[in-house]
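Report on the structure given below.
Residue numbers (my numbering), protein chains in the order written: chain X, 31 to 129; chain A, 72 to 542.
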């Protein structure tokens, strides 16, 4: 069975991602995302009985670090690429959001 | 109809690590804005998180104290949403497989304890263009947090506040959190619903946020419970929503509900491997845990025969409990130590706004003072003066007593002399006493003590005065 993807589902995902899509894009992405799901369904038909889910291949590999403070970025450097930063106050600045 | 409230809490506690959870930036509070930031906590493209081992240890400590099961494998997940204080567009948290689950404290079930990163801080007010702009400081971005979620086992605002207070003591006691609600290092949200008493099903809940003090927590919940009962009594329906406590207005207000329901699209964080905590590590942490407040309270009652009240007071903080036990170890009787610590010492510390850690009077010196009272060297009232002097000067009780000649007058002939003098000066009072007005006795004792500058042994004065008056 083909795993269809409706225009409404595409529109909902686009809204969560803050994307504006026009009608043609909704159709296009519905078809393309549907194709991806179909491919995923094919993979899901493989018998995985007894195989634990693998979120990462690095299990059991020591990958943490000791609690040591390391140098941070210089503040001007941190703000260098920020549009409209308040350099004197050392703050990033964005369009007002209602808190 | 009578209603009951059903309350569950979600607590966020910053862990007291030196560095952040996924990068080496300092996690300290209060630095100038954006000076504790790096590509990882600024969410710059390509930066990769590496887990701070100490944050996991702290989370395990807290989870063990709450009686939880620590899972050998837990998974970090991305919680996706847009907000300027979240530079990556997702928060690294734990979702389907949290670090720990299924605990219990003081009869309240703990659903889960999981690790996550804190967000940055948005500044909405205080700048000339604040009507159009929000300012953001990312120093807090990536500070390690644990989120503790309780079962909806609490039934009143007061119970919720009391539970939260005890939970705070435990976290502070363990040294995993500083308990500072003003600075936001400990935060609490509450899920509240009401239902007719005896009903089994839960009513529709509202989530109340911004409860950054015990008083606010209790007041906000009281208000919200009353509001929901009002809505239902008038035939209305409670709407599932998030409400914000407005402390100035003394009420909860609805946060504008979003058009789409929250859909965080959680998925496993591909940049971090599963967290694996073996039984050995859990065992090591468990064996190094301090005795917790509840256990210590019970032990104080059993071991030192203290009243429940004293044991509860003395186990408010670990430092206070340690102080008490040091005094007892230095030879002071337990109940006397408790009286002094909760009485004079607590008063003095409060007066000078000091913690027990900063007490100029050590536990062993307090024990020495108590010994001097106990063996009759000085009277109880003189002891209070000596205490004041010890606190102010740092001198020992022995030094002060010797230097100022405060040794208690125990000598019979000396006390009898003082009594004779008082009786001759207060013939009228003596007559009243002999005429049956026994309350005059207290007055006469007071006069003798005054004549002795407080140094006479009050027990001896009582005895000898009674004898003199009876003669």
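The beta-carbon is built from N, C-alpha and C at its ideal position, and this holds for glycine as well.
Any C-beta of chain X under 8 angstroms from that of residue i
| i | result |
| --- | --- |
| residue 258 of chain A | no |
| residue 204 of chain A | yes |
| residue 329 of chain A | For residue 329 of chain A, the predicted structure reports a pLDDT of 49, less than 50, and the residue's modelled location is therefore unreliable. A value from the coordinates is still provided. It does not: the Cβ of residue 329 of chain A has no partner Cβ on chain X nearer than 8 angstroms. |
| residue 114 of chain A | no |
| residue 530 of chain A | no |
| residue 283 of chain A | no |
| residue 446 of chain A | no |
| residue 190 of chain A | no |
| residue 119 of chain A | no |
| residue 103 of chain A | yes |
| residue 249 of chain A | no |
| residue 47 of chain A | The structure shown does not extend to residue 47 of chain A, since chain A is modelled only from 72 to 542, so the question has no answer here. |
| residue 416 of chain A | no |
| residue 361 of chain A | no |
| residue 208 of chain A | yes |
| residue 108 of chain A | yes |
| residue 481 of chain A | no |
| residue 225 of chain A | no |
| residue 336 of chain A | yes |
| residue 320 of chain A | no |
| residue 124 of chain A | yes |
8 angstroms contact criterion, which residue i and residue j should meet: CB distance rounded
| i | j | result |
| --- | --- | --- |
| residue 485 of chain A | residue 450 of chain A | Contact doesn't hold; Cβ gap of about 14 angstroms is too wide. |
| residue 324 of chain A | residue 308 of chain A | Actually they are not in contact, since the Cβ atoms of residue 324 of chain A and residue 308 of chain A sit about 18 angstroms apart, beyond 8 angstroms. |
| residue 302 of chain A | residue 291 of chain A | Rounded, the Cβ-Cβ distance is 16 angstroms, inconsistent with contact. |
| residue 84 of chain A | residue 98 of chain A | About 13 angstroms; that fails the 8 angstroms criterion. |
| residue 256 of chain A | residue 100 of chain A | 7 angstroms |
| residue 481 of chain A | residue 533 of chain A | With 8 angstroms as the limit, residue 481 of chain A and residue 533 of chain A do not qualify as a contact, their Cβ atoms being about 13 angstroms apart. |
| residue 204 of chain A | residue 125 of chain X | 7 angstroms |
| residue 94 of chain A | residue 111 of chain A | 4 angstroms |
| residue 391 of chain A | residue 427 of chain A | 5 angstroms |
| residue 93 of chain X | residue 122 of chain A | 7 angstroms |
Alpha-carbon spacing of residue i relative to residue j, whole angstroms
| i | j | result |
| --- | --- | --- |
| residue 360 of chain A | residue 247 of chain A | 11 angstroms |
| residue 118 of chain A | residue 366 of chain A | 45 angstroms |
| residue 141 of chain A | residue 181 of chain A | 13 angstroms |
| residue 318 of chain A | residue 521 of chain A | 53 angstroms |
| residue 201 of chain A | residue 277 of chain A | 30 angstroms |
| residue 417 of chain A | residue 432 of chain A | 12 angstroms |
| residue 331 of chain A | residue 356 of chain A | Summary for residue 331 of chain A: the model assigns pLDDT 48, below 50, so the residue's position carries little reliability; its value from the coordinates is reported in the next sentence. For residue 331 of chain A and residue 356 of chain A, the distance between alpha carbons rounds to 43 angstroms. |
| residue 46 of chain X | residue 387 of chain A | 46 angstroms |
| residue 462 of chain A | residue 438 of chain A | 14 angstroms |
| residue 50 of chain X | residue 58 of chain X | 14 angstroms |
| residue 144 of chain A | residue 168 of chain A | 8 angstroms |
| residue 348 of chain A | residue 213 of chain A | 21 angstroms |
| residue 371 of chain A | residue 382 of chain A | 6 angstroms |
| residue 401 of chain A | residue 96 of chain X | 39 angstroms |
| residue 48 of chain X | residue 154 of chain A | 11 angstroms |
| residue 322 of chain A | residue 282 of chain A | 12 angstroms |
| residue 444 of chain A | residue 464 of chain A | 20 angstroms |
| residue 476 of chain A | residue 352 of chain A | 59 angstroms |
| residue 78 of chain X | residue 339 of chain A | 19 angstroms |
| residue 113 of chain A | residue 337 of chain A | 21 angstroms |
| residue 316 of chain A | residue 299 of chain A | 15 angstroms |
| residue 470 of chain A | residue 245 of chain A | 38 angstroms |
| residue 453 of chain A | residue 468 of chain A | 11 angstroms |
is_contact[residue i, chain A] using C-beta, thresh 8 angstroms
| i | result |
| --- | --- |
| residue 108 of chain X | yes |
| residue 10 of chain X | Because residue 10 of chain X is not part of the residues shown, which for chain X are 31 to 129, the question remains open. |
| residue 73 of chain X | no |
| residue 116 of chain X | yes |
| residue 122 of chain X | yes |
| residue 69 of chain X | no |
| residue 54 of chain X | no |
| residue 60 of chain X | no |
| residue 31 of chain X | Here the model assigns residue 31 of chain X a pLDDT of 41, short of 50, so the residue's position is not dependable and the matter cannot be decided. |
Within 8 angstroms, strictly: CB atoms of residue i and residue j
| i | j | result |
| --- | --- | --- |
| residue 126 of chain A | residue 157 of chain A | no |
| residue 235 of chain A | residue 177 of chain A | no |
| residue 296 of chain A | residue 82 of chain A | no |
| residue 380 of chain A | residue 399 of chain A | no |
| residue 116 of chain X | residue 206 of chain A | yes |
| residue 494 of chain A | residue 487 of chain A | no |
| residue 490 of chain A | residue 472 of chain A | no |
| residue 179 of chain A | residue 222 of chain A | yes |
| residue 103 of chain X | residue 259 of chain A | no |
| residue 217 of chain A | residue 136 of chain A | no |
Near-chain A residues of the region 37 to 49 of chain X (beta-carbon distance less than 8 angstroms), N- to C-terminal order = Listed by position along the chain: 42, 45, 46, 48.
For the region 81 to 106 of chain A, which residues have a CB atom closer than 7 angstroms to at least one CB atom of chain X, in sequence order?
-> 88, 89, 90, 95, 96, 97, 103, 104, 105, 106
Return the residues of the region 126 to 152 of chain A that lie within a Cβ-Cβ distance of less than 8 angstroms from chain X, sorted by chain order.
-> 126, 127, 144, 146, 151
Contact list for the region 161 to 195 of chain A against chain D, Cβ threshold 8 angstroms | No chain D is present in this structure, whose protein chains are X and A.
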